[in-house]
Amino acid sequence: MNDELLQALRPLSAPTTAPGWNHADISTLLGNAQRRPAAVLLGLRDSVDPRLVFTVRTDHLQSHAGQVAFPGGGMDPGDASALATALRESEEEIGLDRALVTPLGYLDNFETISGYRITPVVARIAAHAQLHAAPAEVAEVFEVPLAFFLEPANLRRYVMDYRGHRREMVEFVHGRHRIWGATAAILQNLLTRMGRA
8 MNDELLQALR PLSAPTTAPG WNHADISTLL GNAQRRPAAV LLGLRDSVDP
58 RLVFTVRTDH LQSHAGQVAF PGGGMDPGDA SALATALRES EEEIGLDRAL
108 VTPLGYLDNF ETISGYRITP VVARIAAHAQ LHAAPAEVAE VFEVPLAFFL
158 EPANLRRYVM DYRGHRREMV EFVHGRHRIW GATAAILQNL LTRMGRA
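So the numbering used here is basically just the index in the sequence shown, starting at one, shifted up by 7.
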């Protein structure tokens, strides 16, 4: 796995419980209400050219329908940690066998306009892991080479008006998939921690 990436991660022994790196921005919209804990898995399929695993959420979901996302979701009372949440959700959403996952570290927390505080978990996924979409939540599973995100020209910046607030946003477009919102922001945090953004 890329040494540059590994050095950019927070250690597994020290997951952050701090507010998201975008807390000030989200607080202008939501105030300082408690955020609901959640976690996502940035799973890198192990190969010479590592690929990040993404999902496309089904169109009938109440929130973020049809959007590209990392596997993940809200923390359940039985989840011991953000890592446990990310592994459970990945098993439920894409059939990922946790025995084929090697956790590597964490990124900075990210807060969403829907009121979650997401802990991104970065992990290696075995090359032979079989993934399949759980149709109740996931319409598609696809992979994008990590190298695509490391190419500066592929990071697109724009400004969006949301409830009267101008918000600076980022997105990536890979083939027919538009990666934006929280998913793109989490990728931007990875690039920032790697010194690439």
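Beta carbons: idealized from backbone N, C-alpha and C, even for Gly.
This structure is a prediction, so every number in the text was calculated from the model and none was measured.
Closer than 8 Å by C-beta to residue i: which residues in its own chain qualify, once you throw out the five before and the five after it? Chain order, please.
{"i": "G73", "result": "V63, R64, T65, D66 and A146"}
{"i": "T23", "result": "R17, Y113, D115, N116 and T126"}
{"i": "E158", "result": "none"}
{"i": "I101", "result": "V60, T62, P78, L138, H139, A140, A141, V145 and V148"}
{"i": "F155", "result": "N161, F179 and H181"}
{"i": "L13", "result": "L111 and G112"}
{"i": "L153", "result": "N9, L12, L51, D56, P57, R58 and L59"}
{"i": "A191", "result": "M176, V177, E178 and F179"}
{"i": "W28", "result": "D115, N116, F117 and N196"}
{"i": "E96", "result": "A46, V47, L48, P78, G79 and G80"}
Between the options, which has its C-alpha nearest residue i's C-alpha?
{"i": "G114", "options": "N9, A21 and D10", "result": "For clarity, residue 114 is Leu in the given sequence; the question names Gly instead. L114 has its Cα closest to that of A21, out of N9, A21 and D10."}
{"i": "A133", "options": "T109, A141, Y165 and P152", "result": "T109"}
{"i": "G80", "options": "T119, A40 and V47", "result": "V47"}
{"i": "V129", "options": "G38, A25, R52 and T35", "result": "R52"}
{"i": "E144", "options": "L59, E98, H30 and S34", "result": "E98"}
{"i": "L107", "options": "A204, Y123 and H135", "result": "H135"}
{"i": "E45", "options": "R203, H30, N39 and L90", "result": "Strictly speaking, residue 45 in this sequence is Ala, with Glu absent from that position. Comparing Cα-Cα distances from A45 to each of R203, H30, N39 and L90, the minimum goes to L90."}
{"i": "L103", "options": "R131, P84 and R42", "result": "R131"}
{"i": "T35", "options": "H172, L198, W187 and A204", "result": "H172"}
{"i": "W187", "options": "M167, P84 and A204", "result": "M167"}
{"i": "A189", "options": "V75, R183 and A31", "result": "V75"}
Taking residue i as part of the beta strand (DSSP E), name the residues at either end of that continuous run.
{"i": "R17", "result": "That residue, R17, is in no beta strand (DSSP E); it is neither H nor E in DSSP."}
{"i": "L48", "result": "R43 to R52"}
{"i": "R164", "result": "R163 to Y169"}
{"i": "E175", "result": "H172 to H181"}
So residue i is in the alpha helix (DSSP H); what residue range does that whole segment cover?
{"i": "L37", "result": "H30 to L37"}
{"i": "R200", "result": "G188 to R200"}
{"i": "L157", "result": "L153 to L157"}
Counting only the same chain and skipping the five closest in sequence on each side, list residues whose C-beta sits under 6 Å from that of residue i.
{"i": "D86", "result": "T92"}
{"i": "A15", "result": "R200 and M201"}
{"i": "L94", "result": "R105"}
Counting only the same chain and skipping the five closest in sequence on each side, list residues whose C-beta sits under 7 Å from that of residue i.
{"i": "L19", "result": "P110 and G112"}
For residue i and chain D, any beta-carbon pair shorter than 9 Å?
{"i": "R52", "result": "Protein chains in the displayed structure number just one, and chain D is not present."}
Would a C-beta distance cut-off of 9 Å place residue i and residue j closer than the cut-off?
{"i": "I33", "j": "E118", "result": "yes"}
{"i": "H181", "j": "N161", "result": "yes"}
{"i": "P26", "j": "R163", "result": "no"}
{"i": "Y169", "j": "V177", "result": "no"}
{"i": "L37", "j": "I193", "result": "no"}
{"i": "R43", "j": "M82", "result": "yes"}
Can you list the beta strand (DSSP E) stretches of 3 or more residues lying completely in the segment 65-123, in chain order?
79-81 and 108-113
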